[in-house]
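> Below you'll find the structure I mean.
Following this line, the structure appears as structure tokens:
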């Protein structure tokens, strides 16, 4: 379905060649200052054409708020938003390629809908993510203003070049504690804030570009200052919602939180995060954070951090042997030049989806905590 | 929330020390043969006490169908099911430990609910998974009877012992093509069907047991014969729902589908799965399967395979330094002997959650395809 | 579907001849005192066999809480509840009547599910309402303890005997302001608190009983002390949710709120409810209440009142000419003696569904108001 | 919330003074011919300014499809639609009236959101219904093309002038069997197809107009050719969903289906609808239709008919005594001339909401029936 969230909800529409892409954000708290400029920042960060490592098309992607605000303040009613598509001409069927593109969604969309759209797998286009980023920007603004939450994503791996994100590495946690979006964006064009790794990544992407090939990578994201108590036990654990959100981003193949896949090698006695009381704040903290900020599906107040694997872009600038729609083996010709690596552009998308998950979990928890507060006190209890 | 699914829906209840655990399955197709014995098989596979590598408690876990079937056939109405808890005595608060257990859910449940339950993080108990497995068994029976779907999970790693699940390894795909539950269960007690790895895993678990420690692992799962066209574009991609389902299982820290995290290192020209037409069946197939059976969030008819990372069990048989509820540093004493590795028991839980995801996606797609079939044919189209 | 509510959610299961009927209540605020006795009160009020005007079967209907509470306090986790069915034997198909009973659900269930259940329209049984009443009792307890909400329903019409519920009648509003459940139950056995009408209703029911026939009626319900601001604009207006809830009760045919169908005859100048400020409480009130406590789908703090029409019971103690399952005209013989009028038993069901609607709307609004409170103040605004 | 439906889903946005109003329709069957002209028909029928009995403003309300179709055919992806607002200037706060308008949503919106919007109760505006009508037009087109469903609503009462809609009146059923939209629209301007009543209604509306007052009415709707088996037992009975949908329309106060409120006076022996087999079609029919086409919440294939009560418009052309926002008694001055009766304009809105309900129920049932068909046959059963 095209709706995400239970209380703070976003519904998106749009594919590559239609009139516009957009979304409706339902359930936004009223009384928050909100202007198009607040939303445009992340939209611009996700645009292609920002550097030589990304695709040369220059989409404008200017968002227009349709409803739900007045005099720059949210009303609490649904916020409609749209971004016009500049290229609105659907391809004529006769011009359409005869091949379902390998590892694209052309074939599966046809299997699902039995309609051959000119865009192939229309909604699987990166352009669809505009609605998510617009919605996520609103969630993020709330989280920051009301709770001081900070959400920062960055590229942690491209191909076989990776920063060390071992959960026992103090430098990695130091990075998670301090990294800012400014630092990420300064690492032009790979958005990897570790200088040595960034340099190698750039070289690697250039190599694949030269070879008319593509390569994937990993985006790591940290959420700082999230309140404790967020996430619903059982099916809607916070990490389950995050995994859902991240695997819904095009081209993703994996998700891990906290110690993740490397955590399987750490014995329980080291993996367990011991508690202590921070005397300054009076809050319980954990001395290590292998849990990644969630325990039993619920936030504990520590940094939430997770990583998302992106496969290499399926569109490459070289011919491919594959079958045509009528079942004959042939060669799909290459057309134009394509982005060999999209993970830098995925950074704001990951941040946006994380914002949506956290915001929805927060509002559900506020319903619970506010309802509990109205009950008469029990004898001898909190 | 405690409900999973949109059309085929399961809602669960229950924690460790209450009267029973159970679930309601809503939306089951009518007219399917179903008896308690169909459900008991997987419930028994998830029970502790099946071997020396697992916990010595012997739960009976006999399921009782309350409603929704008659004369051994589903009516289409909700299927209520429950399993009695043998140990129903909540602990007295005075006996309760003074420590929130590290990397358990005791602390986060208290943060969330502001009620100190005797079971600590009650719903985070493995016992909660009984409802999922009962529900998943029904979904799986339908998928098998109606579509011949086969779902088999197995242990692919424990600690640093792992089978080779590189997507370019033909033996790995051969395993995915052929593995059966009988083979998995024959690999007592680790449920790893690769003999050499299994032997090393057993040795490793014994080592951690001797050290009063614990260790995590990976469960890999394959879904064979899934129809193409399943999964909703955008937010509810099949892999997003699978990731959601898997990360909702207690103790999970990661999920990957198809090439997963290793796919980031494979250039697009190799990662793309070329199409061909299988002349025997008339179906489109892909020559490789780095996609893991999903493209653009929708199944393409190939094997769906994915892996799930489980952290080491947080309950260990050695004392731990940590803070007490009143904020003082101290030592949480060890109590009893505990299971050093739970991944073998997770196998049927992974299978069950996969069944729930696939069944729900299937019913949504049936609504779409059946509605499309009723429309008048378009000129010159399918 | 068998789930009601978005944040405070109930899922029910069970039909006439299965092992038990029950429900899972998900999203209940933690920290509320709750025992089985709290729930049993309303369950007993809905039981048949309470007077000579109702059916002679004496169901025990003792509820057993399975989970979600400890030491008599809610944990915040799902509350499983069940009531055993005493008669659990499904009828053998060979004994089953050959006729789909007129105006029952036997025929439509067969059309929907293509399975002929021994109970005919199994889930359309009044027995299914046990789960709703159990869940509603919990919601109601919260609403009363936390907000002082009072919900009282009563019989306002049977056949052509009716109390005057004209919205311009001050006595009607006086009744709404003061009526208690004790007064309703004292009006044995019709639960109509207006003495003269009650007398006529009893006579009317006796007449239909003697004629082996049945008759319908109206239940009116008032909700006092509901907070203002509840109900979601557009699709989930409070009156829309109430109408949904009420029309989901078996045998209902109509719903009206405030002035209802009689409001169509009142000119706007009289129908509009003028505001005034109550100097004692400082709250805005309306001088009249034709709106029935909701304006634009949102509560305004006045009494919410509505009425629900119940058709005559379809099961009657006389033979009926109708077609058999094989399409032949024939006569469905009468069996046993049946309740000629069920509206008194519907009273606690109406109250329970009203509680569920209000509780869910309240929790959604708490999410909104609590989220708004955390935002920095706007210049020159509240 | 601003979303309606489970499988065929519409989400709307927009209020009076924002840039546009619109909606996203998610879950539409692919492969259906759809153009803006298909949607414009009903949008134009709901427009004000169509006759002297309605408001003089002339909104253009031209819908623009943004996505989800290509070459005039639905893709199966979300259909974004919008209609520009011509008057987009929010009022300045200083110009804003000092009074919450009686029986409008100004007060309750302020209570709910704590933001004073220039439009008062923004989303309670009739303009919000544009999104519903656009979405309903798509649902209706499908229902007609795929199943031959016909949905026709008409005005059955204005003030105390009413047609005879007694369920035992054969002329009423004759009307339900034959009425067309053309006949309804020919009854300018009241949309009441019974000539004598229409004449009296016109006179009545003119009278209230002259008195600067307003008056309500009833819209009755019939759905012909709906398949049997639609509607979910228990909470989501078809009549419950219809009631929900209708009471979500602005200004509605009541709903009744089949015999409705008058059914309470009919003894069961007459109210029950006996079955017979129609030898021509081979289908089961009922000789009477007091049930209104639903039994146990599920359609039985007979005409579904229901009525909706609309209160008099709250905006009247005469001054009103009421309290200002600062709590002082005063007089809200009349401004301009207003529509004394809006029920004719409600006709397409009622039809649209009915379409949405039926379409969603149909798709859910298709999921069920299609899933059942894939199961192996049971011995000795259908």
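Residue numbers (the working numbering), protein chains in the order written: chain A, 1 to 382; chain B, 1001 to 1382; chain C, 2001 to 2382; chain D, 3001 to 3382.
The C-beta atom is built at its ideal place from N, Cα and C for all residues, glycine as well.
Just so you know, these numbers come straight off a predicted model, no measurement behind them.
#1: Could you check whether the stretch 1277-1297 of chain B touches the stretch 343-353 of chain A, counting it as contact only if at least three pairs of C-beta atoms, one from each stretch, sit closer than 8 Å?
#2: Less than 8 Å between the C-beta atoms of residue 1133(B) and residue 1046(B), yes or no?
#3: At least one CB of chain C closer than 8 Å to the CB of residue 7(A): is that the case?
#4: Taking the DSSP output, what are the residues bridged to residue 3109(D)?
#5: Determine the direct distance from the alpha carbon of residue 3015(D) to that of residue 3127(D), and round the result to whole angstroms.
#6: Could you say which of 131(A), 267(A), 5(A) and 163(A) lies nearest to residue 1206(B) if we only look at CA atoms?
#7: What is the DSSP secondary structure of residue 2156(C), counted as helix, strand or coil?
#8: Taking residue 3020(D) as part of the beta strand (DSSP E), name the residues at either end of that continuous run.
#9: Give me the chain B residues within the contact set of residue 3077(D), using Cβ-Cβ distance strictly less than 8 Å, ordered along the chain.
#10: Can you give me the start and stop residues for the beta strand (DSSP E) that residue 249(A) sits inside?
#11: Classify residue 1071(B): buried if its beta carbon has 16 or more other beta carbons within 10 angstroms, exposed otherwise.
#12: Determine, for residue 3218(D), whether the minimum Cβ-Cβ distance to residues of chain C falls below 8 Å.
#13: How about residue 3363(D): is its C-beta nearer than 8 Å to some C-beta of chain C?
#14: Take residue 3375(D) as the anchor and find which of 1255(B), 1148(B), 1278(B) and 1113(B) has the nearest alpha-carbon.
#15: Would you say residue 302(A) lies against chain B (beta-carbon separation less than 8 Å)?
#16: What distance in whole Å lies between the Cβ atoms of residue 3078(D) and residue 3024(D), which are believed to be in contact at a cut-off of 8 Å?
#17: When the cut-off is 8 Å and only beta carbons count, does residue 3239(D) lie next to chain C?
#18: Give me the residue from 2111(C), 2289(C), 2154(C) and 2116(C) with the minimum Cα distance to residue 2352(C).
#19: Measuring CA to CA, which of 3274(D), 3066(D) and 3190(D) is closest to residue 3219(D)?
#20: According to DSSP, is residue 971(B) part of a helix, a strand, or is it coil?
#21: Check this for me: beta carbons of residue 3102(D) and residue 2284(C), under 8 Å apart or not?
#22: Would residue 1062(B) be called buried (16 or more neighbouring beta carbons within 10 Å of its own) or exposed?
#23: Closest to residue 3019(D) by CA distance: which of 66(A), 42(A), 262(A) and 193(A) is it?
#24: Using 10 angstroms around the beta-carbon of residue 1282(B), count the other beta-carbons present and answer buried if the total reaches 16, otherwise exposed.
#25: Note down, in chain order, all residues in the stretch 348-375 of chain A with a beta-carbon under 8 Å from any beta-carbon belonging to chain C.
#26: Would the stretch 2212-2228 of chain C count as touching the stretch 2305-2320 of chain C if we require 3 or more Cβ pairs under 8 Å?
#27: Would you say residue 1146(B) lies against chain D (beta-carbon separation less than 8 Å)?
#28: Could you name the residues that DSSP lists as bridge partners for residue 1221(B)?
#29: Run through the DSSP bridge pairs and tell me what residue 2013(C) is partnered with.
#30: Using a 10 Å radius around the Cβ and a threshold of 16 neighbouring Cβ atoms, would you call residue 196(A) buried or exposed?
#31: If you follow the beta strand (DSSP E) that residue 277(A) is in, where does it begin and where does it stop?
#32: For residue 80(A), report the span of its beta strand (DSSP E) as first-last.
#33: Tell me whether residue 3373(D) is buried or exposed, calling it buried when 16 or more other Cβ atoms sit within 10 Å of its Cβ.
#34: Determine the direct distance from the alpha carbon of residue 1120(B) to that of residue 1110(B), and round the result to whole angstroms.
#35: Just confirm the distance between the C-beta atoms of residue 1036(B) and residue 1060(B), as a whole number of angstroms; I'd bet it's less than 8 Å.
#36: Are the beta-carbon atoms of residue 307(A) and residue 140(A) separated by less than 8 Å?
Taking the geometry as given:
#1: Touching, no.
#2: In the second chain, the residue the question calls residue 1133(B) occupies position 133. In the second chain, the residue the question calls residue 1046(B) occupies position 46. Yes.
#3: Working through the first chain from its first residue, we reach residue 7(A) at position 7. Yes, contact with chain C.
#4: On the fourth chain, position 109 is the one that residue 3109(D) refers to. The partner list for residue 3109(D) (beta bridge, DSSP) is empty, contrary to what the question assumes.
#5: Looking up residue 3127(D) in the fourth chain gives position 127. Looking up residue 3015(D) in the fourth chain gives position 15. When only Cα atoms are considered, residue 3127(D) and residue 3015(D) end up about 7 Å apart.
#6: Residue 1206(B) sits at position 206 when you count from the first residue of the second chain. By alpha-carbon distance to residue 1206(B), the top candidate from 131(A), 267(A), 5(A) and 163(A) is 267(A).
#7: For the purposes of this step, residue 2156(C) is taken as residue 156 along the third chain, with counting starting at 1. When DSSP states are grouped into helix, strand and coil, residue 2156(C) belongs to the strand group.
#8: What you label residue 3020(D) is simply residue 20 of the fourth chain in a count that begins at 1. Residue 3020(D) -> beta strand (DSSP E) spans 3020-3026.
#9: As a working note, residue 3077(D) is residue 77 in the fourth chain. Those within 8 Å of residue 3077(D) in chain B are 1233.
#10: Walking along the first chain from the start, residue 249(A) turns up at place 249. Taken as a continuous stretch (DSSP letters only), residue 249(A) belongs to no beta strand (DSSP E), as it is neither H nor E.
#11: Reading the second chain from its first residue, position 71 is the one you call residue 1071(B). The residue is exposed, with fewer than 16 neighbouring Cβ atoms inside 10 Å.
#12: Taking the first residue of the fourth chain as position 1, residue 3218(D) is located at position 218. Nearest CB-CB separation between residue 3218(D) and chain C: below the 8 Å threshold.
#13: Within the fourth chain, the letter at position 363 stands for residue 3363(D). By this cut-off, residue 3363(D) is not an interface position.
#14: Mapped onto the fourth chain, residue 3375(D) falls at position 375. Measuring from the Cα of residue 3375(D), the nearest candidate turns out to be 1148(B).
#15: Locating residue 302(A) in the first chain gives position 302, counting from the first residue. No, residue 302(A) lies away from the interface with chain B (no Cβ there is under 8 Å from its Cβ).
#16: Stepping through the fourth chain from its first residue, residue 3024(D) is reached at position 24. Stepping through the fourth chain from its first residue, residue 3078(D) is reached at position 78. Confirmed, about 5 Å.
#17: Along the fourth chain, one-based indexing puts residue 3239(D) at 239. So, interface residue.
#18: For the purposes of this step, residue 2352(C) is identified with residue 352 of the third chain, where counting begins at 1. The option with the nearest alpha carbon to residue 2352(C) is 2154(C).
#19: Stepping through the fourth chain from its first residue, residue 3219(D) is reached at position 219. Measuring from the Cα of residue 3219(D), the nearest candidate turns out to be 3190(D).
#20: Here chain B has residues from 1001 to 1382 only, and residue 971(B) is not among them.
#21: On the fourth chain, position 102 is the one that residue 3102(D) refers to. On the third chain, position 284 is the one that residue 2284(C) refers to. Their beta carbons are not under 8 Å apart, which means residue 3102(D) does not touch residue 2284(C) by this criterion.
#22: Taking the second chain and counting its residues from 1, the one referred to as residue 1062(B) is at position 62. Flag for residue 1062(B) reads exposed.
#23: In the fourth chain, the residue the question calls residue 3019(D) occupies position 19. The residue with the shortest Cα to Cα distance from residue 3019(D) is 66(A).
#24: Stepping through the second chain from its first residue, residue 1282(B) is reached at position 282. With fewer than 16 other Cβ atoms within 10 Å, it is exposed.
#25: 362, 363, 364, 366, 367, 368, 369, 370, 371, 372, 374 and 375
#26: yes
#27: Position 146 of the second chain holds residue 1146(B). It does; some Cβ of chain D falls within 8 Å.
#28: By one-based count along the second chain, residue 1221(B) stands at place 221. Its beta-bridge partners are 1153(B) and 1306(B).
#29: Reading the third chain from its first residue, position 13 is the one you call residue 2013(C). According to the DSSP secondary-structure assignment, residue 2013(C) is paired through a beta bridge with 2022(C).
#30: Position 196 of the first chain, counting from 1, holds the residue named residue 196(A). By the 10 Å Cβ count, residue 196(A) comes out exposed.
#31: To locate residue 277(A), count along the first chain from 1; it is residue 277. Where residue 277(A) is concerned, the enclosing beta strand (DSSP E) stretches over 275-278.
#32: Numbered from its first residue, the first chain carries residue 80(A) at position 80. Per DSSP, residue 80(A) belongs to the beta strand (DSSP E) from 79-84.
#33: Counting from one through the fourth chain, the residue named residue 3373(D) turns up at place 373. So residue 3373(D) counts as exposed.
#34: Locating residue 1110(B) in the second chain gives position 110, counting from the first residue. Locating residue 1120(B) in the second chain gives position 120, counting from the first residue. Whole-angstrom Cα-Cα distance: 8 Å.
#35: As a position in the second chain, residue 1036(B) is number 36, starting the count at 1. As a position in the second chain, residue 1060(B) is number 60, starting the count at 1. The Cβ separation is near 13 Å, so there is no contact.
#36: Residue numbering aside, residue 307(A) sits at position 307 when the first chain is read from its first letter. Residue numbering aside, residue 140(A) sits at position 140 when the first chain is read from its first letter. Going by C-beta atoms, residue 307(A) is not nearer than 8 Å to residue 140(A).
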